[in-house]
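S.K.:
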Amino acid sequence: MREEKIIFPSGKLQLEGLYGENTGDQGGVICHPHPQLGGSMENNVVVSLITALLIHGYSTLRFNFRGVGQSEGTYDNGLGEQDDIGGAVSWMRQRGKGNMLLAG
């Protein structure tokens, strides 16, 4: 499984993520468990989902929500985190991934 480190915007914040590239327009954005309960993009379920999607030809993006890992900001009770998901989806669409799967 090969992924590259990326940074993408969520409003005025910069979030860290890992992107796995495949050909075609299929993309998968996988969100991690609750940040206040220790969730991060390194969660074993997130990694398993990413691995399966890459094997099946999807380009993938997993990322840390605001305030987790190297992502800027602080936890926002689920409000700003919605923007984070939107930023991730927009980033994937800019790379031609219009057929999008979202999980998490």
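Heads up, the working numbering is the position in the sequence shown plus 328, with the first residue counted as 1.
All C-beta atoms in this analysis are idealised placements derived from N, C-alpha and C, irrespective of residue type, glycine included.
None of the values given here were measured: they were computed from a predicted structure.
Counting pairs of Cβ atoms below 8 Å between the region 386-399 and the region 337-350, do you hit three or more?
M.R.: At 8 Å Cβ cutoff, the stretches touch.
S.K.: Under three-state DSSP, which class holds G408?
M.R.: Numbered from its first residue, the sequence shown carries residue 408 at position 80. It is helical.
S.K.: Under the three-state reduction of DSSP, which class applies to N392: helix, strand or coil?
M.R.: By one-based count along the sequence shown, residue 392 stands at place 64. It is coil, neither helix nor strand.
S.K.: Taking just the CA atoms, how far does G367 sit from D412?
M.R.: Indexing the sequence shown from 1 puts residue 412 at position 84. Indexing the sequence shown from 1 puts residue 367 at position 39. Rounded to whole angstroms, D412 to G367 spans 15 Å at the Cα level.
S.K.: Taking all protein chains shown into account, do 16 or more other C-beta atoms lie within 10 angstroms of the C-beta of R421, making it buried, or fewer, making it exposed?
M.R.: Taking the first residue of the sequence shown as 1, we reach residue 421 at position 93. Label assigned to R421: exposed.
S.K.: In terms of residues, what are the limits of the alpha helix (DSSP H) holding Q376?
M.R.: To locate residue 376, count along the sequence shown from 1; it is residue 48. The residue asked about is misnamed: residue 376 is Ser in this sequence, not Gln. S376 -> alpha helix (DSSP H) spans 372-383.
S.K.: Could you work out which residue in A380, V373, F336, N371 is closest to S418 when comparing CA atoms only?
M.R.: As a working note, residue 418 is residue 90 in the sequence shown. Out of A380, V373, F336, N371, F336 has the C-alpha closest to the C-alpha of S418.
S.K.: If we count the other Cβ atoms within 10 Å of its Cβ and call it buried at 16 or more, is E409 buried or exposed?
M.R.: Position 81 of the sequence shown, counting from 1, holds the residue named residue 409. Buried is the call here.
S.K.: Mark K340 as exposed unless 16 or more other C-beta atoms lie within 10 angstroms of its C-beta, in which case mark it buried.
M.R.: Taking the sequence shown and counting its residues from 1, one reaches residue 340 at position 12. Exposed, by the Cβ-count rule.
S.K.: Which of the three DSSP states, helix, strand or coil, is assigned to S387?
M.R.: In the sequence shown, residue 387 corresponds to position 59, counting from 1. Three-state DSSP puts S387 in a strand.
S.K.: Report buried or exposed for T388, applying the criterion of at least 16 other Cβ atoms within 10 angstroms of its Cβ.
M.R.: Locating residue 388 in the sequence shown gives position 60, counting from the first residue. The residue is buried, with at least 16 neighbouring Cβ atoms inside 10 Å.
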